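One structure below.
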Ligand code: FPP
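Residue numbers (our numbering): 55 to 225.
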């Protein structure tokens, strides 16, 4: 029987921000802002329950096709989020790691990402992995399942994975 198992690694594709906003007669951008708040809550919760890695697929290569203003909004939102969040990461032992090709982002956003990674490098509780400008969703999900080994340990009754963030570095 599987009971009280906390996965070592949880991966999520950020989705539904637009639908969430539409249902409330709000602009899509309001949905993205609400999505960022949810990320904050999920990250804190995952850290508290003992999840070690939380991967968030935040911006795919396909997302560049969105209206220019929406893309600009997302870039600003991410930069604002990281700048605001860095102290929360430090206080809570959270390490930030970005994966994907961030070289297409503005210099300022690249710098913010790198600085946040450097400042939080000693975080031991949880690693939050942000997938940014990553390949198509199916591609990345398939890659994840190909690379990971999910083993159920019957003694400890826990799922184990040999997750290695280095596997996901942009080539
Ligand atoms: C998907 O919703 C969401 C995105 C493409 C963007 C998510 C990114 C952010 C909110 C930027 C900040 C990131 C972090 C990690 C704080 P959608 O627009 O596809 O929604 P829909 O499917 O309902 O249209």
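All C-beta atoms in this analysis are idealised placements derived from N, C-alpha and C, irrespective of residue type, glycine included. In this text the structure is predicted, and so the values were computed from the model without any measurement.
Do you know how far the Cα of residue 185 is from the Cα of residue 111?
-> For the purposes of this step, residue 111 is taken as residue 57 along the chain shown, with counting starting at 1. For the purposes of this step, residue 185 is taken as residue 131 along the chain shown, with counting starting at 1. Cα-Cα distance, rounded: 5 Å.
Going by Cα to Cα distance, which pick from 122, 93 and 117 is closest to residue 108?
-> Within the chain shown, residue 108 is the residue found at index 54, counting from 1. Considering only alpha carbons, the answer is 93.
DSSP three-state call for residue 157: helix, strand or coil?
-> Taking the chain shown and counting its residues from 1, one reaches residue 157 at position 103. The three-state secondary structure of residue 157, taken from DSSP, is helix.
Flag this pair as yes or no: are the beta carbons of residue 88 and residue 82 separated by less than 8 Å?
-> Taking the first residue of the chain shown as 1, we reach residue 88 at position 34. Taking the first residue of the chain shown as 1, we reach residue 82 at position 28. In this structure, the beta-carbon distance from residue 88 to residue 82 does not fall below 8 Å.
Tell me which same chain residues have a C-beta within less than 7 Å of the C-beta of residue 175, skipping the five on either side of it?
-> Walking along the chain shown from the start, residue 175 turns up at place 121. Excluding residues within five positions, the ones whose Cβ falls inside 7 Å are 149.
Are the region 94-106 and the region 57-69 touching, with three or more C-beta to C-beta distances below 8 Å?
-> Result yes; three or more Cβ-Cβ pairs closer than 8 Å.
Reduced DSSP category for residue 79 - H, G, I as helix; E, B as strand; rest coil | Looking up residue 79 in the chain shown gives position 25. Of the three classes helix, strand and coil, the one that applies to residue 79 here is coil, per DSSP.
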